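The next block holds one structure in the form of structure tokens; read it before the comments.
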Amino acid sequence: MHPIQRLVYTFGHRTINHLPLLSAAANAKTTAATTITAQMAYPIRNSSSSSSSSSVLATESSSKGMIIINRPKALNALNLEMVRKIYKHLKKCEKNKSLMIIKGTGDKAFCAGGDVRALVEAGPTDESKSFFREEYTTNALIGNYKIPYIAIIDGITMGGGVGLSVHGKYRVATDRTLFAMPETAIGLFPDVGGSYFLPRLQGKLGLFLGLTGHRLRGSDVYHAGIATHYCDSSKIPDLETALLNCPDADDVPELLQKFHCLPEKPFSLQPFLDQINKNFTADSVEGIIENLKSDGSDWAKKTLETLCKMSPTSMKITYRQLELGSQQSLPQCLIMEYRLAVRHLERSDFKEGVRALLIDKDQQPKWQPSSLAEVSEEHVQWFFRKLPDTEELKL
3 MHPIQRLVYT FGHRTINHLP LLSAAANAKT TAATTITAQM AYPIRNSSSS SSSSSVLATE
63 SSSKGMIIIN RPKALNALNL EMVRKIYKHL KKCEKNKSLM IIKGTGDKAF CAGGDVRALV
123 EAGPTDESKS FFREEYTTNA LIGNYKIPYI AIIDGITMGG GVGLSVHGKY RVATDRTLFA
183 MPETAIGLFP DVGGSYFLPR LQGKLGLFLG LTGHRLRGSD VYHAGIATHY CDSSKIPDLE
243 TALLNCPDAD DVPELLQKFH CLPEKPFSLQ PFLDQINKNF TADSVEGIIE NLKSDGSDWA
303 KKTLETLCKM SPTSMKITYR QLELGSQQSL PQCLIMEYRL AVRHLERSDF KEGVRALLID
363 KDQQPKWQPS SLAEVSEEHV QWFFRKLPDT EELKL
């Protein structure tokens, strides 16, 4: 199976065929490392690893750090080994560098998520739990990073890629950015801190994005408030060079503003924001469904059609986690999400969603329960229940 198929959930079955597969040319060397002569590029790996396994690269000078996610043929998807490498380098650079840049190799993706097929096939093993535990620990580190953290989200940025970017102080989107949190389509939930950042977007936009998995492209990522800056993709090499040559970290905001350009296109969801706020203001997912039915517009009908394809359990969990997350800190949200992740590995629609979209590819998931009415409050509460003290996420 081609690595891109492992990430099909990320894009939704309606659009995967419109995304080009990566060619060998996508594995080109990154420009920033070669333009700064003072930089030293090296793979973060054990000495026994081969060069082909250098899935995380770093460039480092006396005062700057950079992490390059280097799996372009898999759209820079994350696995446990990569998460560990990223965390280790972030901890190291936080102590003795003035800023950190994170980016992806190639022009297709920053990071498209994780290998969910491997996770569900493994089940609730120690390694599967470790992936979520260490990924969320890395998200928490980024959210409290002591030096300027700049994520260049050029290309596909979904799932785990969102966790590596959205909690950092600066997020630079480009005309090639494609952002989404599409987890409800595979029986999961918007994790990696989704319960923290989604409810803090304008109005009910975050709840809309979390429940529907709606994709934001290019400048929409900036308009939505997910990116702090917007830059033409052709200027990204110059931006990286400027950041790596920046004499003082205090100059970073001014430098980013210099490369920032106001998008020419208006927010594509702007015409629908009032409807989003009105229809997604409800006491339950069922209430949202009823609001959309009453609305009756073409937009409402399309949104309703999308929601009807999602896991009913995932939608109820997503609604609850965003409601709770709106009142919690990022670490508190991640502790909650780890409980949800462990329970999804144990008993949920996660395995069936991945089967339908990735393994058998029949696009016909058999959700259990199959309707919102059948998803009991007791069942939803089970996912949020505390784990034994020795198993809780410690941040």
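Residue numbers (my numbering): 3 to 397. Every residue, glycine too, gets a C-beta built ideally from N, C-alpha and C. As the structure is a prediction and not an experimental result, all values here were calculated from the model.
- A Cβ-Cβ separation of about 6 Å places residue 77 in contact with residue 110 under the 8 Å criterion.
- CA-to-CA, the gap between residue 300 and residue 287 works out to about 20 Å.
- Residue 208 and residue 184 have their C-alpha atoms spaced approximately 12 Å apart.
- With 16 or more other Cβ atoms from the protein chains shown falling within 10 Å of its own Cβ, residue 277 counts as buried.
- Per DSSP, residue 62 is one residue of the beta strand (DSSP E) stretching across 58-62.
- Looking only at 311, 223, 320 and 273, the smallest Cα-Cα distance to residue 159 is reached by 223.
- In the DSSP annotation of this structure, the continuous segment of the alpha helix (DSSP H) that includes residue 120 starts and ends at 118-124.
- Between residue 144 and residue 170, the gap from beta carbon to beta carbon is short of 8 Å.
- A buried status is given to residue 323, since no fewer than 16 other beta-carbon atoms sit within 10 Å of its beta-carbon.
- Proximity of the segment 206-221 to the segment 176-190 meets the contact definition, three or more beta-carbon pairs being nearer than 8 Å.
- Per DSSP, the beta bridge partners of residue 113 are 159.
- Apart from sequence neighbours up to five positions away, the residues of its chain that approach residue 235 with a beta-carbon distance below 8 Å are 109, 156, 176, 177 and 178, ordered along the chain.
- At the C-beta level, residue 351 and residue 315 come within 8 Å of one another.
- Shown here for residue 294: same chain residues with a beta carbon closer than 7 Å to its own, the five before and five after excluded, namely 281, 302, 305 and 306 in chain order.
- Look at the beta carbons and you see the segment 126-135 not touching the segment 357-372: under three pairs across the two are nearer than 8 Å.
- Assignment of residue 181 by DSSP, reduced to helix, strand and coil, places it in the strand class.
- Taken atom to atom, the span from the alpha-carbon of residue 74 to that of residue 339 is near 28 Å.
- Per DSSP, reduced to three states, the secondary structure at residue 67 is strand.
- Residue state for residue 188 is assigned as helix, using DSSP reduced to three classes.
- Per DSSP, residue 104 is not a residue of any alpha helix (DSSP H); the beta strand (DSSP E) it occupies stretches across 101-106.
- CA-to-CA, the gap between residue 257 and residue 198 works out to about 28 Å.
- Within the same chain, and ignoring the five residues on either side of residue 136 in sequence, the residues whose Cβ sits closer than 8 Å to its Cβ are 82, 85, 86 and 89.
- Closest by C-alpha distance to residue 67, out of 151, 120 and 57, is 151.
- When DSSP states are grouped into helix, strand and coil, residue 174 belongs to the strand group.
- For residue 355, the uninterrupted alpha helix (DSSP H) run begins and ends at 352-356, by DSSP.
- Cβ atoms of residue 319 and residue 336 stay farther apart than 8 Å, at about 16 Å.
- Taking 8 Å as the cut-off, the Cβ atoms of residue 174 and residue 153 count as close.
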